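Structure record follows, encoded as structure tokens.
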Amino acid sequence: MKVRKIPCILVLFILCTLAATQDVASFEKRITVKKLANGLTVIILERPEAPVFSFYTHVDAGSAQDPLGETGLAHMMEHMAFKGTDKIGTRNYAAEKVALEKVEKAYTAYNAERHKRVGMDEPKLKNLEKAWQDAIQQAQQYVIPNQFGEIIEKNGGEGLNAFTDDDETGYHYSMPANRFELWAYLESERFLHPVMREFYKERNVVIEERRMRVDSNPLGRLLEQFTSEAFAAHPYHRPTVGWISDLNSFSATDAEDFFREYYVPSNMVLTVVGDIKAAEAMPIIEKYFGRLPGKPKPLDLATAEPPQNSVREVVLRDPSQPVYLEGYHRPDYMSKDDAVYDAIADVMSNGRTSRLYRSLVRDKKIAAAAGGFSGLPGNKYPHLFAFYGVPLPGHTPEEVANSIHQEIERLKTQDVSDDELKMVKTRAKATLLRSLADNQGLALHLGIEMARYGDWRELFYEVDRIDQVTKADIRRVANQTFVPVNRTVGIIETNKPAAASEGGTQ
Amino acid sequence: MKNTFVKGRLPAAIFLVLASIFAFGQAADWQQIRIPPLPNFQPIEPKRIELPNGMVLFLQEDHELPLVDGFARIRGGSREEPDAKTGLVDVYGEVWRTGGTNTKTGDELDDFLEAHAAKVETGGSLDSTSIGLSCLKADFEEVFQVFLDLLRDPEFRPDKLEIAQKGMFDAISRRNDDINEIIGRESAKLGYGTKSPYARVPEYATVAAITRQDLINWHHDHVYPNNIILGLSGDFDSAAMEAKLRQAFAGWAKGPKFKPEEIPISPAKPGYYLVKKEDVNQSAIRMVELGTTRKNPDYYGIQTFNEAFGGGFASRLFSVIRSRLGLAYAVGGGVGTGWDHPGITRLGVGTKSQSTVESIQALYSQIDELQPHPLTEDEVGRAKDSILNSFIFNFDTPEKVLREKMAYEFYGYPLDFLERYRAGIEKVSNEEVARIPAKYLHKNKMAVLVVGNDAEFDKPLSTLGSVTPIDITIPSAPGEEPAKPAKPSSK
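The listed protein sequences derive, respectively, from chains H and S.
Here this note's numbering is used: position 6 in the first sequence is 7, and no number is missing along the way.
Here this note's numbering is used: position 189 in the second sequence is 389, and no number is missing along the way.
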């Protein structure tokens, strides 16, 4: 149950890897793909190494789909998908349903009074708040807490978790293979009959998640400010976890509306990998997931980020140590240059032979680490290619910025070497190969490729595309992308308040 | 944040569902779904070989992909380094690899390995150092030669020592930036004692004191065959690999038997401890006391207790503090068990500044509740099911099996410890589990640490008891590496 921001980058790195048509062929033999009548895409990969399986449910909606004024809603919905169904997690659903309706009614009244710009009545507000809290208490008596997770755990579920990022929401865990049908029941019921129980308590849990990841974490603080600055029009400017005022305002009804719009089979991909036989597993999946009502895939976002045409900068005067970050707008993952960006990220930052490591860490000794990557904050829509550097004590973000710019300049004006380009291509192949022996990882990657391209084979084709990248491509794309008016800078500058903010009490 | 709790697991079975039987029926609910029996699954066991010079090898064939991975673990780690050179093993773990061999610089190794998408990496930890390799099967000969050269003839070139030290200085300078890093470090100090090798941390001065000769000496004193356990897994033939390894290590003479040192532990006094941090709106809270080891016969009861009390989604801490009270995103904990030294028993929660004291009291009341309401038969049964049904995930890949065996070998556990663990969990009774909290979880023995913005707490921490402030100001090094721009008040 986590907000995933940066890790999306890792996915990219893993995805942008090896070719090898013989791998595609070996997977073709073991993969079955079917689109169910309700529009749900199902992928089954047989990998009978041990009697276990993993799955990944991909919902093609992330925080970029959060409605205006309801940031954090996609992530909130992810948390609610652990709260059970009309049969799981309740002592008496008929009574609970009535109680939950009362909670919503009370909350609507309280929320309306609370947000009155003029004429808000304080005593009335207090009463309304109390009525809402009382209704919550009433509904609570019907709850069997966390029964959904409990059933999975006691049946041997492993790695039960989920994530939300700007682009999608994902659910995953692994189970012993003899629990396949039980799993199919649980995972389909979760999206067939979700119940918004304990919504307002879970909202507080999510607010604590925000405090942990953003408010009380220097890098979290920087990334939130940085991303808001870099995007003016596109929803990528909003934090996945949500702004605090929105979190304190949206309702269970809002979450249900979101669910009804985006959690529809045509907008989801289900991938299962492990010791299962497609001939036996597919009918079970059809039986359970076929029950989800079919609906058209929701319309995608129309808002496009306009050209930047200005230098942008955020500087956090923060008690923590300095960090330098800069990002440049680049096209989405469908761009024909996508693999070129992957190659640039690799040359600049993969390992101790990378240019940024050798220049900033090894030779100039001004940074503890430096790198470059795509996928900030997502990659489904046009996003940022970012560079970062962590200045060593006694060195400044400015020094780091200058050195990164020198390396970018080199990329623009001189070809990368034959050795470097070969390294990128060899590594891409090996990285893909290394990712093929893990049920959970495979389920995740195949599912995302299917959702993004409509074909799981893109997992392998991406490596072919990297193989096609030329030195000229790298110079062209670097010249096109890494220009000052396309840049947003984010800096943490150490600033000590008067008091001993480091926690030092004397 | 439930991806961190510890879990056990169980052999499961070939999945066999007769789809036709179910094709027309609709299961009314989960209890009616048939779970087929679990045929036995026998994972491939690695071959264990002890060379005449005492080196122990484990060879695990895995032919799924054309790759070979290897990992050698060497006895002796940071708990054995001298106090005045705290950080030595961390630095050693980096420079062992980056400093190159007597014939090739680290940079030359980087060029060679990256060109083959191969890795040879070294590292240091609390109780051991390590060197690992990963490569395509076709490159094994050449990559293994790099591995051998580093094992036998590392050079620890000074330019790389300097980079490693600067990296350590950087980490020191940043160690107070994040409350979760602070709470982890400072609560370990409370649990083991500030000066205990299990909790102490590198300082500018101790890192600056590390010399190239220290690294050479450490290597000389630890890296010899009878102090090494080497495991290889991947696409090779065990017999051929064994012959190759026997030949590679044949001329290497035995060293002295590794003598573990007595490591001092002196837990802090129970009570309240506060680290002030003004730039946060959430408090990190940990309650700690000294735990036990996995050799303790209570281990199975402890694991079952941990699962039910502070482990999964349905555990008491998660259900009450997170789901029912909405006080936290991250909450959990349990009795700590180490392999060869006591672990730390920890209960932890992250909560808004305004519910800091309330959350401490909520944790307390969960401990208190165990008296009148011990874990029920149902809770214990669920915890055991959870551990046993997921047991298969301990050995569902050849690599995991290899790592398990290497750990047992390293810590002197029987090689069938995993089987014993399963049997132990199966046998655990409600009564055994019920005895755990009284024996291992003591409110009055715990040190309670809060890292947070105390000006915004719901009540002063002192309403709970006397509070000892902890000064985490980073001491500056004499000489060229300034601490922080902050006032250099030393501890």
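For each residue, glycine too, the CB sits at the ideal point set by N, CA and C.
The structure displayed is predicted, hence computed values, not measured ones.
query, result
"Grouping DSSP H, G and I as helix and E and B as strand, with all else coil, what is residue 676/S?", "coil"
"Using 10 angstroms around the beta-carbon of residue 619/S, count the other beta-carbons present and answer buried if the total reaches 16, otherwise exposed.", "exposed"
"Given residue 648/S, which residues of its chain have a CB within under 6 angstroms of its CB, disregarding the five upstream and five downstream residues?", "472 and 487"
"For residue 356/S, name the three-state secondary structure that DSSP assigns.", "coil"
"Compute every distance between the C-beta of residue 202/H and the non-hydrogen atoms of the ligand ATP, then say whether any falls below 7 angstroms.", "Annotation note on the ligand ATP: not contained in the displayed structure, which lists no ligands."
"If contact is defined by three or more beta carbon pairs under 8 angstroms, each pair taking one atom from either stretch, is the region 490-510 of chain S in contact with the region 278-292 of chain S?", "no"
"Do you know whose CA, among 349/S, 370/S and 230/S, lies nearest residue 394/H's CA?", "370/S"
"Give, in chain order, every residue of the region 405-438 of chain H whose Cβ lies closer than 8 angstroms to some Cβ of chain S.", "420, 423, 424, 427, 428, 430, 431, 432, 434, 435, 437 and 438"
"Only counting the same chain, and skipping five residues up and downstream in sequence, which positions put a Cβ closer than 7 angstroms to that of residue 400/H?", "367 and 392"
"Given a threshold of 16 other Cβ atoms within 10 Å of its Cβ, counted over all protein chains shown, does residue 469/H qualify as buried or as exposed?", "exposed"
"Can you tell me which residues form a DSSP beta bridge with residue 316/H?", "492/H"
"Against residue 152/H, what residues of chain S qualify as contacts under a CB-to-CB distance less than 7 angstroms, listed in chain order?", "230"
"By DSSP, does residue 494/S sit in helix, in strand, or in coil?", "coil"
"Rounded C-beta distance between residue 398/S and residue 279/S? I'm assuming under 8 angstroms.", "6 angstroms"
"For residue 85/H, go through chain S and note every residue whose CB falls closer than 9 angstroms to its CB, in chain order.", "The contacting residues do not exist; residue 85/H stays about 11 angstroms from chain S at best."
"Kindly say whether residue 159/H, judged by its beta-carbon, lies nearer than 8 angstroms to any beta-carbon of chain S.", "yes"
"Determine the extent of the alpha helix (DSSP H) in which residue 633/S is found, giving its start and end residues.", "630-640"
"With a CB to CB cut of under 8 angstroms and the five nearest residues on each side skipped, what residues in its chain are close to residue 494/H?", "316, 317, 318, 319, 323 and 398"
"According to DSSP, is residue 177/H helix, strand or coil?", "strand"
"Taking Cβ positions, are residue 455/S and residue 481/S nearer each other than 8 angstroms?", "no"
"Starting from residue 322/H, find everything on chain S with Cβ-Cβ shorter than 7 angstroms and list it in chain order.", "373, 374 and 377"
"Answer with yes or no whether the minimum CB distance from residue 265/S to chain H is below 8 angstroms.", "yes"
"According to the neighbour-count rule (16 or more other Cβ atoms, all chains shown, within 10 Å of its Cβ), is residue 377/H buried or exposed?", "buried"
"Could you check the C-alpha separation between residue 107/H and residue 294/H for me, to the nearest Å?", "30 angstroms"
"Note the first and the last residue of the continuous alpha helix (DSSP H) segment covering residue 501/S.", "499-506"
"Please classify residue 173/H as buried or exposed, where buried requires at least 16 neighbouring CB atoms within 10 angstroms.", "buried"
"Quick one: does residue 156/H have its CB under 8 angstroms from some CB of chain S?", "yes"
"Which residues of chain S have a Cβ atom closer than 9 angstroms to the Cβ of residue 174/H, listed in chain order?", "Going along chain S, no residue has its Cβ under 9 angstroms from residue 174/H, so there is no contact; the nearest lies around 10 angstroms."
"Is there a C-beta anywhere in chain S that falls below 8 angstroms from the one on residue 195/H?", "no"
"Would you kindly work out how many angstroms separate the C-alpha atoms of residue 145/H and residue 461/S, rounded to a whole number?", "51 angstroms"
"Measuring only the C-alpha atoms, how far is residue 221/S from residue 190/H?", "Low local confidence applies: a pLDDT of 33 at residue 221/S is under 50, so the model's placement there is unreliable, with the coordinate-based value given in what follows. Near 21 angstroms, if we compare the C-alpha coordinates of residue 190/H and residue 221/S."
"Apart from the five residues just before and just after residue 333/S, which ones in its own chain have a Cβ nearer than 6 angstroms to its Cβ?", "270, 320, 343 and 347"
"Under 8 angstroms: do the region 270-279 of chain H and the region 33-51 of chain H share three or more Cβ pairs, one atom per stretch?", "yes"
"From the DSSP output, in three-state form, read off residue 199/H for me.", "coil"
"Any beta-carbon of chain H closer than 8 angstroms to the one on residue 589/S?", "yes"
"Helix or strand or just coil, what does DSSP make of residue 728/S?", "Summary: the structure shown does not reach residue 728/S, with chain S confined to residues 201 through 691, and so no result is reported for it."
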